[in-house]
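Trainee: As numbered in UniProt numbering, residues 1 to 157 make up the sequence shown, in order.
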Amino acid sequence: MGLFQPGQGEVVRADLTSPLRVLTFPVLELILVTGLSWMLIGWLDQPGMAVDPQLRNTIVLIWAVLALWRFVLPLFKARRRRFVVTDRRIVVRAGALRARTDSIPFRDIRSVKRRRSGITLAITGYDRPLYFPDVPRAKKVTAMIESSLPPAQMNYW
Numbered sequence: 001m002g003l004f005q006p007g008q009g010e011v012v013r014a015d016l017t018s019p020l021r022v023l024t025f026p027v028l029e030l031i032l033v034t035g036l037s038w039m040l041i042g043w044l045d046q047p048g049m050a051v052d053p054q055l056r057n058t059i060v061l062i063w064a065v066l067a068l069w070r071f072v073l074p075l076f077k078a079r080r081r082r083f084v085v086t087d088r089r090i091v092v093r094a095g096a097l098r099a100r101t102d103s104i105p106f107r108d109i110r111s112v113k114r115r116r117s118g119i120t121l122a123i124t125g126y127d128r129p130l131y132f133p134d135v136p137r138a139k140k141v142t143a144m145i146e147s148s149l150p151p152a153q154m155n156y157w
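Here's what the structure looks like:
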């Protein structure tokens with residue numbers, strides 16, 4: 001995680017990134033785009049077709065741009081998203097290219113809940129809870145966070 005360095009004596013308990021299931025639709029789109037594009041190129045390359053080579057190269061370029069936009073970019077964003085639980089805090093980074101890394105100390109967390117495949121944190125000073133979608137093993141991570149919170153701090157909303 002590039003900028004994340006555990007503090008002196010800090011132990012990393014979970015270091016998670018997005019699960020591979022978030023790439024299901026990008027993979028299906030890549031298969032569809034590749035199949036259609038290369039079927040068109042095969043049809044243009046058949047014997048007896050007098051087609052300008054620039055047209056074929058343009059279709060290959062369009063395929064490459066669509067593959068980058070619909071598969072490589074979502075893959076890059078999914079692999080950059082991080083959720084780290086240490087014995088003192090939670091460190092979160094979004095999947096954007098220049099996303100900043102946020103650190104949430106356990107003393108600021110009022111409660112934690114699992115919602116579908118994500119985690120919701122109620123934090124002191126915020127009106128609404130923060131929701132982190134697509135956290136792998138959300139049930140185990142929620143239990144890990146709950147066990148790390150001081151007992152007097154648990155306040156379910």
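For each residue, glycine too, the CB sits at the ideal point set by N, CA and C.
Which residues does DSSP pair with Gly118 in a beta bridge?
Mentor: Arg115
Trainee: Between the C-alpha atoms of Pro136 and Ala78, what's the straight-line distance to the nearest angstrom?
Mentor: Near 12 Å, if we compare the C-alpha coordinates of Ala78 and Pro136.
Trainee: In the DSSP output, which residue or residues are listed as bridge partners for Phe4?
Mentor: Per DSSP, none; premise fails for Phe4.
Trainee: Bridge partners of Val92, per DSSP?
Mentor: Answer by DSSP bridge pairing, in chain order: Phe83 and Asp102.
Trainee: Give every residue of the same chain whose Cβ lies closer than 6 Å to the Cβ of Leu44, excluding the five residues on either side of it in the sequence, and list them in chain order.
Mentor: Val51 and Arg56
Trainee: Look at the alpha carbon of Leu36 and the alpha carbon of Gly42, and state the distance between them as a whole number of angstroms.
Mentor: 10 Å
Trainee: Would you say Phe71 and Pro19 are within 7 Å of each other, going by their C-beta atoms?
Mentor: no
Trainee: If we require 4 or more residues per run, which alpha helix (DSSP H) segments fall completely within the stretch 36-80?
Mentor: Along the length of the stretch 36-80, whole alpha helix (DSSP H) runs at least 4 residues long occupy 53-67 and 73-80, reported in chain order.
Trainee: Three-state secondary structure (DSSP) at Arg107?
Mentor: Here Arg107 carries a helix assignment [DSSP, helix/strand/coil].
Trainee: Please report the distance separating the alpha-carbon of Asp87 from that of Ser147.
Mentor: 10 Å
Trainee: Per DSSP, which one or two residues make a beta bridge with Asp15?
Mentor: Val84
Trainee: Closest to Ser117 by C-alpha separation, out of Arg107, Pro133 and Ile104, would be which residue?
Mentor: Pro133
Trainee: Classify Leu130 as helix, strand or coil using the three-state DSSP reduction.
Mentor: strand
Trainee: Note down the Cα distance separating Gly95 from Gln46, rounded to an integer number of angstroms.
Mentor: Our two residues, Gly95 and Gln46, have alpha carbons roughly 43 Å apart in a direct line.
Trainee: Can you list, in chain order, the residues of its chain with a C-beta nearer than 8 Å to that of Met1? Leave out the 5 residues immediately preceding and following it.
Mentor: For Met1, the predicted structure reports a pLDDT of 44, less than 50, and the residue's modelled location is therefore unreliable. The matter cannot be settled from this model.
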